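Q: Quick one: the structure is below, and I'll ask about it shortly.
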Amino acid sequence: MKYVDEFRDPAKARHLAAEIRALLPQVERAQQRPLQIMEVCGGHTHAIFRYGIQQLLPDAVEFVHGPGCPVCVLPMGRVDDCVALAEQPQVIFTTFGDAMRVPGSKKSLLRAKADGADVRMVYSPLDALDLARNHPDREVVFFALGFETTMPSTALTVLQAKADGIRNFSLFCNHITIIPTIKAILDSPDMHIDGFLGPGHVSMVIGIRPFTFIAEHYRRPLVIAGFEPLDVLQALWMVLKQLVAGRSEVENQYGRIVPERGNPQALAAIQQAFELREFFEWRGLGSIDHSGVRLRPEFAAYDAERKFAVPNLKIADPKACQCGEVLKGVIKPHQCKVFGSACTPETPLGSLMVSSEGACAAYFTYQRIDTSRLRAGTTRVEGAVA
Amino acid sequence: MNDQAATRVLPAALEDKPRRARVQETTINLAHGGGGRAMRALIEDVFLGAFANPVLESLEDQAVLPLRELMAQGDRLAFTTDSFVVDPLFFPGGDIGTLAVNGTVNDLAMSGAVPLFLSCSVVLEEGLPVETLRRVADSMRSAAAAARVQIVTGDTKVVERGAADKIFINTAGIGVVPHGVAISARAARAGDVVLVNGTLGDHGAAILVARGQLALQADLASDCQPLADLVASMLATGADIRCLRDATRGGIATVLNEFAQSSGVCIHLDEAALPLRPEVRGACEILGLDPLYLANEGKLVAVVAPADAERVLAAMRRHPAGRDAAVVGHVAAAPRETVILHTGFGGERIVDMLVGEQLPRIC
């Protein structure tokens, strides 16, 4: 398929993997312990597992699967709020598909739907707005979720709703922003991340400048990466080149999509509709200052949190869960106490087990053989399956 | 057909001239399932009209089938049942009627059986246009003719609006397994070869697009087709066919996991060898879906002894239902009960059973 197969060429992949292997002995830090490169975005995590990228790489470099899966970092209390909204009789609750399975403290949206709530899967917030147009007697709530990637489409939908005078549409806003969270991870005392693969689609909106503090203040290289397997390998190679040269810069591997200044129209729409919250709760990571947004007061009529009585209870993560340590790269998914026993994709305790972009679900689904082998005493997690 | 007793009290003069009653209404109402005249008219007009055959037309409570004819074709009966609910009812490449016939025909065929007779039970939602039902019955007629099966017994129920979604169909089927044919999901062995009869995921992708919720336009059609004749030509090669299953819900990933578990083997899949239409790949890329898990309605997965693989592949490719047949993998001894995909990119990953439904990803 055009514009896809070119980025999945196995010969080029082997070539890049060989170059990466050749660079590693030149990185001083890689001599004591494996280099830890965090891919911030869940899309990268998905690609790494789906294409088996880690198997092409030597032991001396490993991926740490970061907090960039919006479904995974959603705290239980917010899911409970979704369910409470969905269970109001006049409400049609609309959501992206993969958010439906995330467990709340009592149930998921999928379960609420089975219990009678009117929960509908949509592919775009505009679909939800159409539902509102077509059901003037109902209240349509859209479960707005995601980083800056999905924020502009939500913002434009609210602007559209206001322009069209649609009254029965509102957002349950859970949009989050990645920069404060990367900062929180970098400030955490137990992390050893050596470099970052930056989130390609977030950067398409916000551009590359917001990442400069990582290079300048924290002295870590960051390369914004695309989502095809060759993108990921090339970006990793670029990070290693920086480490070899002792540089820490923000570079853009995904130039075919990511403009340096981002997308001004999208940013303007975000600015117009949203303002920063003082803090927002992240699953596994706790409360992070200025890491979430909500609708500005002039759009209060479209804010489900203001329009309906939302319980807004804080529910602690299950004690046994070590999602936070996995997200920071302190432990690998299979090293969590409940991985594969109490916590499986069928009965997820932690949300990293829920979405296919979650590191734990990816480990469980794609790499189980290796992890069982690891438990049996060998050292390598992602080794090729014999 | 529960109301054949009514015919017994008809004056002899009328019985001499069997004239089928006509449905007067344009939409289905509760009376069409009530056992009275309206139901009788519906059965005669819509179903007898479409499925015409002597067994059904006798309008007994059951189909009575001659054993001698069955025994001439083999030594075991295959018997299966399946219910069909699909939204939308009509989609490119088929409709709920073609699915209801081919689904059951294919379930029979996967044992190597020659499918012969089907039942057809429908549950109708009050308010369904009679014209819609006619279209579905007509599709079932053509599908049954194409698959060379007869629909010999049936039932009709009508439920109140909202208690069902337009139309649900159950079909059960009987076929005869020829002497000496023994196909089982437990029969795969190390060294065996895995084949499919054509492009994967066409039905699942066509249904997604036909639902119209996506602003996607793609030239996609369901692959809904009967497979019994294809299986017959595969068996005619004399090859040792170990496992056969049609890859419907859950796609080939599910079937291969079933084989791997039942046979206690490992199945290796070669991603580059999987036949996929570019349109299906494209839809999957956009939606974050995996074509290995998409439903098919006219695709089978076969596990064949290594020495016979070439022969079976050639026979499949000669058949219209197997033109794009391909070898997609092989069986190994270990790790047991596992399916491993060798990605086109050069990596490997486990292909597991799906947990719940496949849901599109957010971004």
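Residue numbers (my numbering), protein chains in the order written: chain E, 186 to 571; chain Z, 26 to 388.
From the three backbone atoms N, C-alpha and C, an ideal C-beta is built for every residue, glycine too.
Just so we're clear, the structure is a prediction, and the values are computed from it rather than from any experiment.
1. Could you check if V435/E is buried or exposed, using at least 16 other CB atoms within 10 Å of its CB as the buried criterion?
2. Throw me the rounded Cβ distance for the G447/E and G392/E pair, which I believe falls under 8 Å.
3. What residue range is occupied by the uninterrupted alpha helix (DSSP H) comprising K347/E?
4. Mind listing which residues of the segment 439 to 453 of chain E have their C-beta closer than 7 Å to chain Z's C-betas, in chain order?
5. At a cut of 8 Å, does the segment 490 to 503 of chain E reach the segment 218 to 238 of chain E through at least three beta carbon pairs?
6. Report yes or no: is there a C-beta of chain Z within less than 7 Å of the C-beta of G568/E?
7. DSSP on V256/E, reduced to helix/strand/coil?
8. So, helix, strand or coil for M223/E, using DSSP?
9. Could you check what DSSP says for F193/Z in three-state terms: helix, strand or coil?
10. Using the Cα positions of D300/E and D112/Z, report the straight-line distance between them to the nearest angstrom.
11. By the three-class DSSP mapping on this structure, what secondary structure does A203/E have?
12. Mind pulling the chain Z residues with CB within less than 7 Å of G477/E?
13. One question on the structure: do T169/Z and V126/Z come within less than 7 Å of each other, judged by their Cβ atoms?
14. With DSSP collapsed to three states, give me the class of N78/Z.
15. Grab me the residues of Q175/Z's own chain with a C-beta within less than 6 Å of its C-beta, minus the 5 sequence neighbours each way, in chain order.
16. Chain Z partners of E241/E, CB-CB under 7 Å?
17. Compute the beta-carbon to beta-carbon distance between L149/Z and H293/Z, rounded to the nearest angstrom, for a pair I have assumed lies under 8 Å.
18. Could you give the DSSP three-state label for T230/E: helix, strand or coil?
19. For A198/E, go through chain Z and note every residue whose CB falls closer than 8 Å to its CB, in chain order.
20. Hey, could you find the ends of the alpha helix (DSSP H) E335/Z is sitting in?
21. Ignore the nearest five residues each way along the sequence and tell me which others in G562/E's own chain have a CB closer than 7 Å to its CB.
22. Between the segment 198 to 208 of chain Z and the segment 155 to 163 of chain Z, can you find at least three pairs of beta-carbon atoms closer than 8 Å?
23. With a threshold of 7 Å between beta-carbons, can T550/E be considered close to chain Z, or not?
24. Quick one: list the residues of chain Z neighbouring Y403/E, beta-carbon separation under 7 Å, in chain order.
25. Does the beta carbon of V380/Z sit closer than 7 Å to a beta carbon anywhere in chain E?
26. Indicate whether at least one CB of chain Z lies closer than 7 Å to the CB of Y487/E.
27. What are the boundary residues of the alpha helix (DSSP H) that includes M64/Z?
28. I'd like the list of long-range same chain contacts for K522/E, defined as Cβ closer than 8 Å, with 5 residues on each side in sequence excluded.
29. Within 10 angstroms of the Cβ of G187/Z, are there 16 or more other Cβ atoms? Answer buried if so, exposed if not.
30. At which residue ranges does the segment 343 to 403 of chain E contain complete alpha helix (DSSP H) runs of 4 or more residues, listed in the order of the chain?
31. So for D194/E, helix, strand or coil by DSSP?
32. I need the straight-line Cα distance from E283/Z to R173/Z, nearest angstrom please.
33. With 7 Å set as the bound, which would you pick, yes or no: does the beta-carbon of P303/Z sit closer than that to a beta-carbon of chain E?
34. Does the CB of A65/Z have a neighbour CB from chain E at under 7 Å?
35. Tell me the rounded alpha-carbon separation between P530/E and V264/E.
36. Below 7 Å on C-beta distance, what does R306/Z contact in chain E?
A: Judging by the given coordinates:
1. buried
2. 3 Å
3. M336 to A348
4. none
5. no
6. Per-residue confidence for G568/E stands at a pLDDT of 30, beneath the threshold of 50, marking its modelled position as unreliable; the derived number appears in the next sentence. Chain Z contact via Cβ: absent.
7. coil
8. strand
9. strand
10. 21 Å
11. helix
12. Within chain Z, no residue comes near G477/E; the closest Cβ sits about 16 Å away, beyond 7 Å.
13. One detail in the question is off: residue 169/Z reads as Ala in this sequence, not Thr. It is a contact, given that the beta carbons lie within the stated cut-off.
14. coil
15. N78 and F142
16. Residue identity differs from the one stated: residue 241/E is Leu in this sequence, not Glu. Going along chain Z in sequence order, the residues near L241/E (Cβ under 7 Å) are G371 and G372.
17. Not confirmed; about 47 Å, so no contact.
18. helix
19. F370 and G371
20. A334 to R343
21. Note on G562/E: pLDDT 33, under 50, position unreliable in the model; the coordinate value appears next. Within the same chain, G562/E has no close Cβ partners at all.
22. no
23. yes
24. Those within 7 Å of Y403/E in chain Z number zero; the least Cβ separation is about 26 Å.
25. yes
26. no
27. R62 to L67
28. A505 and Q507
29. exposed
30. 363 to 372, 385 to 391 and 397 to 401
31. coil
32. 29 Å
33. yes
34. Reading the sequence as shown, one finds Arg at residue 65/Z and not Ala. False, the Cβ-Cβ gap to chain E never drops below 7 Å.
35. 17 Å
36. M186
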